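Each remark here refers to the structure printed beneath this line.
Residue numbers (my numbering): 1 to 271.
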């Protein structure tokens with residue numbers, strides 16, 4: 001009887017049972033189905049089964065049964081890998097550039113960007129403030145540009161002390177274009193946008209209006225806009241405008257292009 005059933009099944013260390021290792025069925029892992037001998041790389045999953053593709057491009061599905069596969073000649077149990085969390089999307093600044101985490105603002109550099117007034121400065125800060133702080137570029141408001149040439153001479157621009165100037169209503173034949181023509185230093189870049197005031201560089205849709213009101217010639221533009229929109233005073237209108245600007249998508253392309261040119265000019269080393 002003993003020979004009929006072989007050796008004593010209780011002989012030896014019967015408490016130690018062989019444990020089949022579990023292996024994640026990662027893409028491109030090459031295994032063999034123990035029953036059929038089909039050998040292929042993991043290419044996916046369908047209805048709870050693993051999909052293997054052999055070297056001829058043939059695909060077959062196999063259920064994830066215990067010890068059903070061979071890996072390097074050893075029996076394994078394949079398991080579907082745990083879903084990996086999706087990488088966090090890159091945070092972007094209001095200007096659309098990639099936000100740099102953990103970077104402090106640089107000490108203010110010698111180069112500067114000038115804008116015509118406090119409203120221009122506030123709008124620039126709203127959109128490009130993060131970028132400018134990382135570069136250490138200070139934005140300073142002027143009280144208009146009538147004395148621009150004198151202010152530039154006082155600034156004493158140079159290769160390591162560049163100056164960028166953002167001008168409103170910079171169109172051919174305007175007073176602003178004549179003032180700008182007097183600034184000829186290679187270390188100064190003056191550019192701007194075609195709008196009468198920086199308010200107008202904000203897209204109307206951001207404010208929930210179809211278009212900016214047309215103000216008759218001879219009437220102050222801001223006061224005319226306020227009257228047309230039923231706002232009591234320009235200060236209240238400006239607070240409303242600024243509150244509706246969240247990113248570069250809320251302002252017109254000419255302002256975006258002008259500011260990007262100025263930032264590049266004052267931050268890129270000469271030569």
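Here a beta-carbon is modelled for each residue, glycine too, at the ideal position from N, C-alpha and C. Keep in mind that this is a model prediction, so the values were computed, not measured.
Report task. Please work out which residues of its chain come closer than 7 Å, Cβ to Cβ, to residue 71, disregarding the five sequence neighbours upstream and downstream, and give them in chain order. Result -> 23, 31
Report task. Quick one: give me the first and last residue of the beta strand (DSSP E) that residue 267 is part of. Result -> Unbroken run through residue 267 is the alpha helix (DSSP H), 253-267; no beta strand (DSSP E).
Query raised in the report: Which partner residues does residue 155 have in the DSSP bridge list?
Result: Looking at the DSSP assignment, residue 155 forms no beta bridge with any residue, so it has no partner.
Requested in this report: Could you pull out every residue in the same chain whose Cβ sits closer than 8 Å to the Cβ of residue 307, ignoring the five residues on either side in sequence?
Outcome: Any question about residue 307 goes unanswered here, given that the chain covers just 1 to 271.
Query - Per DSSP, the bridge partner or partners of residue 41 - result: 30, 53
**Report entry** In DSSP terms, what residue 62 is bridged to
**Finding:** 50
Query raised in the report: Looking at the structure shown, is residue 242 part of a helix, part of a strand, or coil, going by DSSP?
Result: helix
**Report entry** residue 140, enclosing beta strand (DSSP E) - first and last residue
**Finding:** 138-141
Query - Cα-Cα separation, residue 54 to residue 38 - result: 8 Å
**Report entry** For residue 221, the first and last residue of its enclosing alpha helix (DSSP H)
**Finding:** 221-229
Query raised in the report: Are three or more beta carbon pairs between the region 158-171 and the region 104-118 nearer than 8 Å?
Result: yes
Report task. Could you pull the start and end residues of the beta strand (DSSP E) that residue 112 belongs to? Result -> 112-115
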